[in-house]
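Student:
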Amino acid sequence: MSAIRLNGQYVLLRDVEKKDFMAFVHGCLPRITWEEPIPRTAANALAALLAEGKPHTDPLVQAGFQSCASLGIKNMWTDGATASITEEVPTDASQGLETAFGFAAVESGVALAAAMCNAFRRTLTINDEEHRVNRQPKDVLMGVAQAVSNMKNVNEPIFVTAGRALGGRLKEGFGPSDPHTMAILCMLSDFGATGVKIDLEKNLLGFAPFSAANAMASAILQGLGADKIAEVRGAIERTNEHFRRAMAQQQQQAGAAPGAAPKQASVTVPRVMGTRRRR
Numbered sequence: 001m002s003a004i005r006l007n008g009q010y011v012l013l014r015d016v017e018k019k020d021f022m023a024f025v026h027g028c029l030p031r032i033t034w035e036e037p038i039p040r041t042a043a044n045a046l047a048a049l050l051a052e053g054k055p056h057t058d059p060l061v062q063a064g065f066q067s068c069a070s071l072g073i074k075n076m077w078t079d080g081a082t083a084s085i086t087e088e089v090p091t092d093a094s095q096g097l098e099t100a101f102g103f104a105a106v107e108s109g110v111a112l113a114a115a116m117c118n119a120f121r122r123t124l125t126i127n128d129e130e131h132r133v134n135r136q137p138k139d140v141l142m143g144v145a146q147a148v149s150n151m152k153n154v155n156e157p158i159f160v161t162a163g164r165a166l167g168g169r170l171k172e173g174f175g176p177s178d179p180h181t182m183a184i185l186c187m188l189s190d191f192g193a194t195g196v197k198i199d200l201e202k203n204l205l206g207f208a209p210f211s212a213a214n215a216m217a218s219a220i221l222q223g224l225g226a227d228k229i230a231e232v233r234g235a236i237e238r239t240n241e242h243f244r245r246a247m248a249q250q251q252q253q254a255g256a257a258p259g260a261a262p263k264q265a266s267v268t269v270p271r272v273m274g275t276r277r278r279r
């Protein structure tokens, strides 16, 4: 673990439990905005704990120190509940990269800070237009998740169902600014989707290659262990391999030159997008 200085003094870092990292990160989540870098948000959350009178040895405070250190903070000063970062460096964790989700980091809980950086700094492309993925309130997310589950066809991948649900919202005139539409974008992003192509006239749904880091980060924030996270990575790899084969087949059928495969693989969806469940 990297060292960290507070108000000019090195802080002694101690082992804490995964639940302490979970508690610290979940305390950071309501503070996150697009305007403030997430490491700075974490530092302010830590400053607030110290302002409450919690000692450096408190497990929650220790989780805060270690989270901030993992995000590249080397030196910070506090003034009440406000932190000032005077030295920091980019890290894989602060960028939410897959390399920050190793076995030890997941099992210890320190990967939760990296997962936070990933989950709250995503974009998703819809028909070549990039949109920020804004996390929605839990009740909205739960309601949309249930609605998507209810419309899932037999043997249909859940991300395809979510894609059809998004198509249905767009067909009804609801864009990403609508909370329920954005909740579907959150779902798709949590599944690993990075881009969606929807052609309502031709009833086609396409996906760009999935991000293992996105799917793993979402699973980590749910508290899953390293073995389950490895399964998530494997599932994304299989999905991307399926896409690769589909794109190669499309290229063959179109008679395109080798290496000229499209960026997205298309999947045919039901004519009535977003409403019908077939058994």
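With my numbering, letter number 189 in the sequence shown gets 189, and the count goes up by one each step, no holes. Ideal placement from N, C-alpha and C gives every residue a C-beta, glycine not left out. All values reported here derive from a predicted model rather than from experimental measurement.
1) Is F243 close to chain D? Criterion is C-beta to C-beta, closer than 9 Å.
2) With DSSP as the reference, label L60 as helix, strand or coil.
3) Using DSSP bridges, identify the partner residues of H180.
4) Suppose you measure from the CA of D227 to the CA of L221; what does that come to, to the nearest Å?
5) Checking 9 Å against the spacing of the C-beta atoms, do G206 and I198 come in under that value?
6) For T33 and E231, I'd like the C-alpha separation in whole angstroms.
7) Quick check on the DSSP output: the beta strand (DSSP E) that includes A43 runs from which residue to which?
8) Could you pull out every residue in the same chain whose Cβ sits closer than 6 Å to the Cβ of T194, ignoring the five residues on either side in sequence?
9) How far does the alpha helix (DSSP H) with L71 in it extend, from its first residue to its last?
10) With S211 as the anchor, note down where its beta strand (DSSP E) starts and where it stops.
11) Between R279 and M216, what straight-line distance do the alpha-carbon atoms span, to the nearest angstrom?
12) When burial is assigned at 16 or more other CB atoms within 10 Å of the CB, is K263 buried or exposed?
13) Thinking C-beta only, is L46 closer than 9 Å to F65?
14) Let's see if you can read the secondary structure: which residues bound the beta strand (DSSP E) around I198?
15) Taking 9 Å as the threshold (C-beta atoms), are A183 and V140 in contact?
16) Do A113 and C68 count as a contact pair if the criterion is CB distance below 9 Å?
17) Per DSSP, what kind of secondary structure is M151 in: helix, strand or coil?
18) If we ignore side chains and look at the alpha-carbon of each, how far apart do N214 and N118 end up?
19) Is the separation between the beta-carbon of V110 and that of S70 shorter than 9 Å?
20) Going by DSSP in three states, A113 sits in which element: helix, strand or coil?
21) Tell me which residues share the same chain as R134 and place their Cβ nearer than 6 Å to its Cβ, disregarding the 5 neighbours each side in the sequence.
22) Leaving out five residues before and five after P30 in sequence, what residues of the same chain have Cβ atoms less than 7 Å from its Cβ?
Tutor: A quick look at the data gives this:
1) No chain D appears in this structure, which consists of one protein chain only.
2) helix
3) Partner(s): none; H180 has no beta bridge.
4) 15 Å
5) yes
6) 31 Å
7) Note, A43: premise wrong, no beta strand (DSSP E); alpha helix (DSSP H) at I38 to A51.
8) A208 and S211
9) Note, L71: premise wrong, no alpha helix (DSSP H); not H, not E.
10) Where S211 is concerned, there is no enclosing beta strand (DSSP E), given that its DSSP letter is neither H nor E.
11) Low per-residue confidence applies at R279: pLDDT is 46, beneath 50, and the placement is therefore not dependable enough to give any value.
12) Its pLDDT being 48, under 50, K263 is placed unreliably by the model, and the measurement read from it follows with that caveat. Under this definition K263 is an exposed residue.
13) yes
14) G195 to D199
15) yes
16) yes
17) coil
18) 7 Å
19) yes
20) helix
21) Checking the sequence, you will find Asn at residue 134 rather than Arg. Hits under 6 Å: M182.
22) none
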